[in-house]
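J.:
2 protein chains.
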Amino acid sequence: MIEKPKEKQRQRAPSQRSLATRERILDAAEQLFSEHGFDGASIRDIASKAGVQGALVNHHGGSKEDLFFTVVARRAGVLAEHRLAALEARKTEDEADLRGILSAFIGPFLELTTHSGPQWRAYGRLIAHVSADERWRPISEVCFDPTAQVFTSELSRVLPGASPRQIGAGFVFMVSAILSLSTSTWRIGDLSGSADTDDLMQTLLDYCEAGFRAIGSPG
Amino acid sequence: MIEKPKEKQRQRAPSQRSLATRERILDAAEQLFSEHGFDGASIRDIASKAGVQGALVNHHGGSKEDLFFTVVARRAGVLAEHRLAALEARKTEDEADLRGILSAFIGPFLELTTHSGPQWRAYGRLIAHVSADERWRPISEVCFDPTAQVFTSELSRVLPGASPRQIGAGFVFMVSAILSLSTSTWRIGDLSGSADTDDLMQTLLDYCEAGFRAIGSPG
DNA sequence: GTCTATAATGAGATAGAC
DNA sequence: GTCTATCTCATTATAGAC
Chain L
1 MIEKPKEKQR
11 QRAPSQRSLA
21 TRERILDAAE
31 QLFSEHGFDG
41 ASIRDIASKA
51 GVQGALVNHH
61 GGSKEDLFFT
71 VVARRAGVLA
81 EHRLAALEAR
91 KTEDEADLRG
101 ILSAFIGPFL
111 ELTTHSGPQW
121 RAYGRLIAHV
131 SADERWRPIS
141 EVCFDPTAQV
151 FTSELSRVLP
161 GASPRQIGAG
171 FVFMVSAILS
181 LSTSTWRIGD
191 LSGSADTDDL
201 MQTLLDYCEA
211 GFRAIGSPG
Chain D
1001 MIEKPKEKQR
1011 QRAPSQRSLA
1021 TRERILDAAE
1031 QLFSEHGFDG
1041 ASIRDIASKA
1051 GVQGALVNHH
1061 GGSKEDLFFT
1071 VVARRAGVLA
1081 EHRLAALEAR
1091 KTEDEADLRG
1101 ILSAFIGPFL
1111 ELTTHSGPQW
1121 RAYGRLIAHV
1131 SADERWRPIS
1141 EVCFDPTAQV
1151 FTSELSRVLP
1161 GASPRQIGAG
1171 FVFMVSAILS
1181 LSTSTWRIGD
1191 LSGSADTDDL
1201 MQTLLDYCEA
1211 GFRAIGSPG
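First to last, the sequence lines map onto chains L and D. At position 62 of the first sequence the residue is numbered 62 (this note's numbering), and the sequence of numbers has no breaks. So this note's numbering is basically just the index in the second sequence, starting at one, shifted up by 1000.
1. Using a cut-off of 8 Å between C-beta atoms, extract the partners of V1071/D located in chain L.
2. So, using beta-carbon positions, are L1126/D and S1034/D closer together than 8 Å?
3. R165/L versus chain D: which residues are under 9 Å apart at the beta carbon?
4. So is H115/L buried or exposed if we call it buried at 16+ other beta carbons inside 10 Å?
5. Which residues bound the alpha helix (DSSP H) around F1151/D?
6. Would you please state the rounded distance, in angstroms, between the beta carbons of E154/L and L87/L? I believe it to be under 8 Å.
7. How many angstroms separate the CA atom of R1017/D from the CA atom of A1028/D?
8. Buried or exposed: where does Q1166/D fall if 16 or more other Cβ atoms within 10 Å of its Cβ makes it buried?
9. Note the first and the last residue of the continuous alpha helix (DSSP H) segment covering Q1053/D.
10. Taking only beta-carbon positions, decide if A949/D is within less than 8 Å of chain L.
11. Below 6 Å CB to CB, which residues in the same chain sit around H82/L once its five sequence neighbours on both sides are set aside?
12. Near K49/L, which residues of its chain fall below 6 Å by C-beta distance, leaving aside the five closest residues on each side in sequence?
13. Give the C-beta separation of R99/L and E209/L to the nearest angstrom, bearing in mind that I take them to be a contact with Cβ-Cβ under 8 Å.
14. Look at the Cβ atom of L1179/D, then the Cβ atom of L1200/D, and state whether they are nearer than 8 Å.
15. With 8 Å set as the bound, which would you pick, yes or no: does the beta-carbon of T1147/D sit closer than that to a beta-carbon of chain L?
16. If you run the structure through DSSP and keep just helix, strand and coil, what is P218/L?
17. When the distance is taken between beta carbons, is L1084/D closer than 8 Å to V1150/D?
18. Thinking C-beta only, is P164/L closer than 8 Å to S176/L?
19. Looking at chain D, which residues of the segment 36 to 49 of chain L have a Cβ within less than 7 Å of any of its Cβ atoms?
20. Comparing the C-beta of I222/L with each C-beta of chain D, is any distance below 8 Å?
21. Using the Cα positions of F69/L and D1094/D, report the straight-line distance between them to the nearest angstrom.
22. Would DSSP call D198/L helix, strand or coil?
23. Output the residue ranges of the alpha helix (DSSP H) runs that lie fully inside the segment 1015 to 1049 of chain D and measure 4 residues or longer, sorted by chain position.
24. Considering only residues of the segment 57 to 112 of chain L, which uninterrupted alpha helix (DSSP H) runs meet the minimum length of 4 residues and lie entirely inside it, listed in chain order?
25. Contact check, R90/L vs A104/L under 8 Å by CB: the rounded distance?
26. On the CB-based measure, 16 or more other CB atoms within 10 Å of its CB, does G211/L come out buried or exposed?
27. Counting only C-beta atoms, is Y207/L closer than 8 Å to chain D at any point?
28. Would DSSP call D1206/D helix, strand or coil?
29. Looking only at its own chain, which residues have a Cβ that is under 6 Å from the Cβ of A76/L, when we skip the five neighbours before and after it?
30. Our contact map puts W1136/D next to E134/L with C-beta atoms below 8 Å; I'd like the distance itself, whole angstroms only.
31. Let me know the secondary structure DSSP gives S116/L once reduced to three states.
32. Mapping the DSSP letters down to three states, classify S1163/D as helix, strand or coil.
33. Can you list, in chain order, the residues of its chain with a C-beta nearer than 8 Å to that of G168/L? Leave out the 5 residues immediately preceding and following it.
Structure (structure tokens):
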């Protein structure tokens, strides 16, 4: 199950080749989990994509659920750091108003998932799976809730007229809209050029900022 | 595959008992597909929940993919009718402004999925699966795109300043926010009472209306 | 750490009796 | 239309040689 990160004490440091293999396996798992979901991606497919034997996947990743957890957690820290750093930067420049907070949350995610290569792009879709399936709630709690709490606190500060429940609802609406850019781009149209994605980010920011303002101001 | 609704010519009308069995199977499939997704729900589990033998599921539903299609399509017509009727009602009363259009789209969905029993509640989650997985795009095109086109046309009419792409983006944001109420209610809090859900619907409407206005107005 | 081989289970689908 | 029985295949996971 998903109990812990379970950091076994190792006898000695793993070799470089071992680490490289492990990374290949995690990359393959990231892509296939993001495309087909947990149940739709098989260990065999992952092993095949990584160019290794099936047994190696279990050796490096443990059970399938452990592997899924590992893949999600691998980039969660980086994403959280980018978001919190962006938030701090806004604060020190006195730009931590509503739009500044939303930018700090949305910007790093879109920057990473659209401009940082196919693995990060897959990771965006992967988060959508984690977020949609209550089965992965323990993963969410560990990987994403801490950051979410920081941002909802900030939102409550700049929107004193909104109840915690309204802030929570608005936050869920925003997250689902963000993730829809990773999963439903085909509904809006191809996003090949950077100009298009930046355009879409502005539209998303405008949408969410106005939405939050409507929630925060009295009826 | 998902080619067609494939209406085989029957020799004679099915018996009442047969129809009842078929409904039980579809109900069970609806619940399990909505909870665990297509790959996570097995034919065996569906048969067990419906209280029939496994072979009957294939007999009534065809292949697993056919069964999924059938379940999604079963209520799609009702949902579409409610939405289009609500839209027409607004138009004849000269209330087809932005908020009226959004209400006609959101209201029937929330009414059905929160106040019309567990099957409709499951159907809401089911649509979230269909919408998130590109694999079901053919189903979306048949079941939901026609209604979506009607509403995006209306939105373009009342928001002449927004490009089709912006309307499309806003529509995707809105749909993802609506569906998040079916999948992520545990993130916002329990929705036991009707008052709570009505409250949430107002919040959602405020959020989306403001968001669309921000998209539709220059700068 | 990596491989081959295989165990153990569960999946979707069908044949054929009733 | 319904059931029993079964086919065929894919799945996760592990045992053990190297």
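Each residue gets a CB set at the ideal place from its N, CA and C atoms; glycine is no exception.
T.: Taking the structure as given:
1. Simply none; closest approach about 18 Å.
2. yes
3. I1188, G1189, D1196, D1199, L1200 and T1203
4. exposed
5. D1145 to V1158
6. 7 Å
7. 17 Å
8. buried
9. Per DSSP, Q1053/D belongs to no alpha helix (DSSP H) and is neither H nor E.
10. No statement about residue 949/D is possible, as the shown extent of chain D runs from 1001 to 1219 and does not include it.
11. P108
12. A28
13. 5 Å
14. no
15. no
16. coil
17. yes
18. no
19. G37, D39 and G40
20. A question about residue 222/L goes unanswered here, because the residues of chain L that appear run from 1 up to 219.
21. 53 Å
22. helix
23. 1016 to 1040
24. 64 to 92
25. 5 Å
26. buried
27. yes
28. helix
29. C143
30. No, W1136/D and E134/L are not in contact; Cβ-Cβ is about 20 Å, not under 8 Å.
31. coil
32. coil
33. T152
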